[in-house]
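Peer 1:
2 protein chains.
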Amino acid sequence: MSRKASPTRNPLLHALPTEQAQARRFGKARTARSTAILEDYVELIADLIESTGEARATDIARRLGVSHPTAINTIARLKREDLATARPYRGIFLTEKGEALARRVRARHRLVLEVLLALGVPRETAEADAEGIEHHVSEGTLKAFSEFLKESRVKKAS
Amino acid sequence: MSRKASPTRNPLLHALPTEQAQARRFGKARTARSTAILEDYVELIADLIESTGEARATDIARRLGVSHPTAINTIARLKREDLATARPYRGIFLTEKGEALARRVRARHRLVLEVLLALGVPRETAEADAEGIEHHVSEGTLKAFSEFLKESRVKKAS
DNA sequence: ACCAATATGTAGCTCAAGCTACAATTGAAG
DNA sequence: CTTCAATTGTAGCTTGAGCTACATATTGGT
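Order-wise, the sequence lines are chains A and B.
Under our numbering, the first residue of the first sequence carries the number 12, and numbering increases by one thereafter.
Under our numbering, the first residue of the second sequence carries the number 12, and numbering increases by one thereafter.
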């Protein structure tokens, strides 16, 4: 095998991105993956507090479909990252930072869901896919999404 | 704290999904996250073989932005899952199963990218976000996406 | 034919996220 | 006020994905 530093051997058809560009993209995706779980928890905690008045570990675990120790471990990580607070046998609360993140995440989630629906994705499919997609939607894409929705609402109104 | 099995305490505003439904969705997202990496590797290997004639471990590592042992470990996982083959110091090849996955993944990737572009997302942003989003786009959503593209092409032609 | 650079492989670590099994605490109902 | 079911917490394991450091193999150039 060649020893040269990966010489792109071929002027090719649908050209690969440069190594650097591609590595940057994959890196972003990796970061998004690792924050996705924190975002899910924060969003869910906010939802639970808003709708039921409290966020309890078991409810979180059940809604995420994981065991309660898993939930507790991740909540510990939330505390480490200063996103949530919890004292033994009391409920879970969001810090200011956590609240701020929750607001951003929920707004993004709603927008992604609306776009999927506007594109004709069936409701249940859209709800499911949005759960995964949302974490990978950057500011730039969000912007385009809300523009698109604005337009498509105008069109519908006419 | 109550001992009752999470009684939804409140007839609420933008109602939470049921526990089961939500757990199902989060479960899907978790599965997607764990297969995302395999998909990335398979897609990249296919691209490398097509454009340079071979897929070498270092190139894969560099393009993913990870160390080469990480790449080698993951390639070992690909072998375990019967997606790729590799003999010591020879390049990496896809099995039939791997090729099939690569075809699906690349088609999905292209479609997601096109949709983002059609929605007005700037190219570089779209390329980056697609890398993360693609893994969470189900068949149903894909179908809607290709319908949408068909329509928007028709409109543009008029 | 050799040597040095590159590529590949191996060892051994960290961390996050999942799990099961068990212990401790709480609080509602009797 | 006791009891007991539910909740919460703890211990200890597995697996995947990342890393660094080191060892071995390959190969192009001299």
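Backbone N, C-alpha and C fix where the C-beta goes; we use that ideal spot for every residue, glycine too.
Bear in mind that the values here come from a model prediction, so they are computed numbers and not experimental data.
Under three-state DSSP, which class holds B:Ala155?
Peer 2: Residue mapping note: residue 155 of chain B aligns to position 144 of the second sequence, counting from 1. Of the three classes helix, strand and coil, the one that applies to B:Ala155 here is helix, per DSSP.
Peer 1: Which residues in the same chain as B:Val53 place their Cβ atom closer than 8 angstroms to its Cβ, once the five residues preceding and following it in sequence are excluded?
Peer 2: In the second sequence, counting from the first residue as 1, residue 53 of chain B sits at position 42. If we look at B:Val53 and ignore the five residues flanking it on each side, its Cβ neighbours are Leu89, Leu94, Ala95, Leu105, Gly109, Leu112, Ala113, Val116.
Peer 1: To the nearest angstrom, how far is the alpha carbon of B:Gln31 from that of A:Gly76?
Peer 2: Within the second sequence, residue 31 of chain B is the residue found at index 20, counting from 1. Within the first sequence, residue 76 of chain A is the residue found at index 65, counting from 1. Cα-Cα distance, rounded: 8 angstroms.
Peer 1: Quick one: is B:Ile86 near chain A, going by C-beta distance under 7 angstroms?
Peer 2: Mapped onto the second sequence, residue 86 of chain B falls at position 75. It does not; no Cβ of chain A falls within 7 angstroms.
Peer 1: Relative to the C-alpha of B:Arg120, which residue among B:Ser157, B:Ser163, B:Arg74, B:Glu142 is closest?
Peer 2: Here residue 120 of chain B is taken as the residue at index 109 of the second sequence, counted from 1. It should be pointed out that residue 120 of chain B corresponds to His in this sequence rather than to Arg. If we check each option's Cα against that of B:His120, B:Glu142 comes out closest.
Peer 1: Quick one: what does DSSP say A:Ile72 is sitting in, helix, strand or coil?
Peer 2: Position 61 of the first sequence, counting from 1, holds the residue named residue 72 of chain A. Correcting the residue identity first, residue 72 of chain A is Ala in this sequence and not Ile. Of the three classes helix, strand and coil, the one that applies to A:Ala72 here is helix, per DSSP.
Peer 1: Determine contact between the segment 153-161 of chain B and the segment 152-160 of chain A, defined as no fewer than three beta-carbon pairs at a distance below 8 angstroms.
Peer 2: Flag = no, the segment 153-161 of chain B and the segment 152-160 of chain A do not touch.
Peer 1: Alpha carbons only, please: which of B:Thr69, B:Ser169, B:Leu153, B:Ser149 is nearest the one belonging to B:Arg36?
Peer 2: On the second sequence, residue 36 of chain B is found 25 positions in, with the first residue counted as 1. Taking only the C-alpha atoms, the option nearest B:Arg36 is B:Ser149.
Peer 1: Find the residues of chain A that neighbour B:Lys39, judging by a C-beta separation of less than 8 angstroms, and give them in chain order.
Peer 2: For the purposes of this step, residue 39 of chain B is taken as residue 28 along the second sequence, with counting starting at 1. Within chain A, the residues near B:Lys39 are Ala139, Glu142, Gly143.
Peer 1: With respect to the alpha helix (DSSP H) encompassing B:Leu105, which residues constitute its N-terminal and C-terminal limits?
Peer 2: Mapped onto the second sequence, residue 105 of chain B falls at position 94. Where B:Leu105 is concerned, there is no enclosing alpha helix (DSSP H), although the beta strand (DSSP E) it sits in stretches over 103-105.
Peer 1: Got a sec, what are the start and stop residues for the alpha helix (DSSP H) B:Thr29 sits in?
Peer 2: The sequence position of residue 29 of chain B within the second sequence is 18, counting from 1. Neither: B:Thr29 is in no alpha helix (DSSP H) and is coded neither H nor E.
Peer 1: Which partner residues does B:Thr96 have in the DSSP bridge list?
Peer 2: Within the second sequence, residue 96 of chain B is the residue found at index 85, counting from 1. According to DSSP, B:Thr96 bridges with B:Phe104.
Peer 1: Quick one: is A:Ser157 near chain B, going by C-beta distance under 7 angstroms?
Peer 2: Taking the first sequence and counting its residues from 1, the one referred to as residue 157 of chain A is at position 146. It does not: the Cβ of A:Ser157 has no partner Cβ on chain B nearer than 7 angstroms.
Peer 1: Helix or strand or just coil, what does DSSP make of A:Pro133?
Peer 2: Counted from its first residue, the first sequence places residue 133 of chain A at position 122. Coil at A:Pro133, not helix or strand.
Peer 1: Could you give the DSSP three-state label for B:Ala141: helix, strand or coil?
Peer 2: If you number the second sequence from 1, residue 141 of chain B lands on position 130. Helix, per DSSP.
Peer 1: Output needed for A:Val126: all residues of its chain with C-beta closer than 6 angstroms, excluding positions within five of it in sequence on either side, in chain order.
Peer 2: As a working mapping, residue 126 of chain A is identified with position 115 in the first sequence. If we look at A:Val126 and ignore the five residues flanking it on each side, its Cβ neighbours are Phe156.
Peer 1: What number of angstroms, rounded off, separates the C-alpha of B:Val132 from the C-alpha of A:Arg98?
Peer 2: Position 121 of the second sequence holds residue 132 of chain B. Position 87 of the first sequence holds residue 98 of chain A. Answer to the nearest angstrom: the Cα atoms are 44 angstroms apart.
Peer 1: Is B:Arg164 buried or exposed, if buried means 16 or more other CB atoms sit within 10 Å of its CB?
Peer 2: Locating residue 164 of chain B in the second sequence gives position 153, counting from the first residue. Looking at its Cβ environment, which holds fewer than 16 other Cβ atoms inside 10 Å, B:Arg164 is exposed.
Peer 1: Applying the criterion that 16 or more other CB atoms from any shown protein chain within 10 Å of the CB defines a buried residue, is B:Arg91 buried or exposed?
Peer 2: As a position in the second sequence, residue 91 of chain B is number 80, starting the count at 1. Result: exposed.
Peer 1: I'd like to know whether the C-beta of B:Val123 is nearer than 7 angstroms to at least one C-beta of chain A.
Peer 2: Here the question's residue 123 of chain B lines up with position 112 in the second sequence. For B:Val123, the answer is no, since every Cβ of chain A falls outside 7 angstroms of its Cβ.
Peer 1: Hey, out of A:Pro28, A:Ile144, A:Ala66, whose CA is closest to B:Arg74's CA?
Peer 2: As a first step, residue 74 of chain B is located in the second sequence; it is residue number 63 there, counting from the start. Checking every option, the nearest Cα to that of B:Arg74 belongs to A:Pro28.
Peer 1: Specify the secondary structure class of B:Ser149 as computed by DSSP and reduced to three states.
Peer 2: If you number the second sequence from 1, residue 149 of chain B lands on position 138. In the structure shown, B:Ser149 sits in coil (DSSP, three-state: anything other than H, G, I, E or B).
Peer 1: Since B:Ala129 contacts B:Ile103 with CB under 8 angstroms, what's their CB separation in whole angstroms?
Peer 2: Here residue 129 of chain B is taken as the residue at index 118 of the second sequence, counted from 1. Here residue 103 of chain B is taken as the residue at index 92 of the second sequence, counted from 1. Contact flag wrong, Cβ pair sits at about 34 angstroms.
Peer 1: Let me confirm a value: A:Glu107 is counted as buried when at least 16 other C-beta atoms fall within 10 Å, else exposed. Which label applies?
Peer 2: Locating residue 107 of chain A in the first sequence gives position 96, where the first residue counts as 1. Label assigned to A:Glu107: exposed.
Peer 1: Counting contacts by CB-CB distance shorter than 7 angstroms, is B:Ser62 in contact with chain A?
Peer 2: Mapped onto the second sequence, residue 62 of chain B falls at position 51. Yes, because at least one Cβ of chain A sits closer than 7 angstroms to the Cβ of B:Ser62.
Peer 1: Which residues in the same chain have their Cβ closer than 6 angstroms to the Cβ of B:Ala43, if we skip the five residues on either side of it in sequence?
Peer 2: Here residue 43 of chain B corresponds to residue number 32 of the second sequence, with the count starting at 1. His146, His147.
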